[in-house]
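If you number the sequence shown the way the numbering used here does, the last residue is 189 and the count never jumps.
Each remark here refers to the structure printed beneath this line.
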Amino acid sequence: MDTQTPRIAVLYATAQGSTREIADFIGADLAGRGACVDVTDFAHAPDPSTVDAVVLGSAVHNRALLPAVADYVHSYRNELAALDVWLFSVGLGPALRGPIGRRIGSRVPARIAAVRDEIVPRDYRAFAGHYERAGVDLPARILFRLLGGTRYGDLRDWTAIRDWTDGIAKALQLRQASTTTIHP
Numbered sequence: 006m007d008t009q010t011p012r013i014a015v016l017y018a019t020a021q022g023s024t025r026e027i028a029d030f031i032g033a034d035l036a037g038r039g040a041c042v043d044v045t046d047f048a049h050a051p052d053p054s055t056v057d058a059v060v061l062g063s064a065v066h067n068r069a070l071l072p073a074v075a076d077y078v079h080s081y082r083n084e085l086a087a088l089d090v091w092l093f094s095v096g097l098g099p100a101l102r103g104p105i106g107r108r109i110g111s112r113v114p115a116r117i118a119a120v121r122d123e124i125v126p127r128d129y130r131a132f133a134g135h136y137e138r139a140g141v142d143l144p145a146r147i148l149f150r151l152l153g154g155t156r157y158g159d160l161r162d163w164t165a166i167r168d169w170t171d172g173i174a175k176a177l178q179l180r181q182a183s184t185t186t187i188h189p
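Structure follows, in structure tokens:
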């Protein structure tokens, strides 16, 4: 990374919007610390050789990242190997409580680990997303409760996301955040 303003791409694949909102939050926070940040979906992702660092984010479906992420990582693995890369996922696992839910939620699923290990990011973090009861069938609702799901709605932990972004900023030697506002 050069000593000028760092260029960071925050790329996301979302299904219902939670991942995009987290990516926007991360991008805004890093931009507020002096970085030049481009937040975009994978369909419009820049060539990684044009940036100094990359933050990749994806919704989790069927214990895997969305296909756009795996395709991007596979296509650009050599370029990404030369950069500082962070990876995050957004799914239900981190919101699970109770002995079974915590155990399942703390494990990185094999298909996510395969993508992660292909690029060896500086850090990987799983965040909870949105989980609405509407449209979820009875067996899925029962499983959610059995695994320790305690509530529906916005399950994102904005403080944890901000703390993770602080780590990215420190690694890239960005200035301190001028405000401690946490996303609503």
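For glycine and all other residues, C-beta sits at the position ideal for the given N, C-alpha and C.
Buried or exposed, going by whether 16 or more other CB atoms sit within 10 Å of the CB of residue i?
i	result
arginine 150	exposed
leucine 85	buried
threonine 170	buried
serine 23	buried
proline 53	buried
leucine 148	exposed
valine 141	exposed
Can you tell me whether DSSP reads residue i as helix, strand or coil?
i	result
glycine 134	coil
aspartate 7	Low confidence applies to aspartate 7: its pLDDT is 45, below 50, so where it sits in the model is not reliable, and the reading given next is rough at best. The answer is coil: DSSP assigns aspartate 7 none of H, G, I, E or B.
threonine 45	strand
valine 120	helix
valine 15	strand
tyrosine 195	What the structure shows of the chain is the stretch from 6 to 189, and residue 195 is not part of that stretch, so it cannot be assessed.
aspartate 34	helix
I'd like to confirm the pairing. Which residues does DSSP put opposite residue i in its beta bridges?
i	result
aspartate 159	His135
aspartate 89	Ala58
alanine 64	Val95
leucine 70	Val65
Determine, using beta carbons only, whether residue i comes closer than 8 Å to chain D.
i	result
arginine 156	Judged by its chain identifiers, the structure shown contains no chain D, having just a single protein chain.
Shortest alpha-carbon distance to residue i belongs to which of the options?
i	options	result
tyrosine 133	Ala14, Gln9, Glu26, Thr10	Just to set this straight, residue 133 is alanine in the shown sequence, not tyrosine. It is Glu26 whose Cα lies nearest to the Cα of alanine 133.
glycine 39	Ala145, Arg108, Thr164, Gln9	Gln9
Is the beta carbon of residue i within less than 7 Å of some heavy atom of the ligand ADP?
i	result
alanine 40	This structure simply doesn't include the ligand ADP, nor any ligand for that matter.
Pairs of beta-carbons, one from the segment 87–107 and one from the segment 120–136, closer than 8 Å: are there three or more? yes
Closer than 8 Å is the cut-off here; do at least three beta carbon pairs connect the segment 69–86 with the segment 156–172? no
Count the C-beta pairs between the segment 58–71 and the segment 109–117 that are closer than 8 Å, then say yes if the count reaches three, no if not. yes
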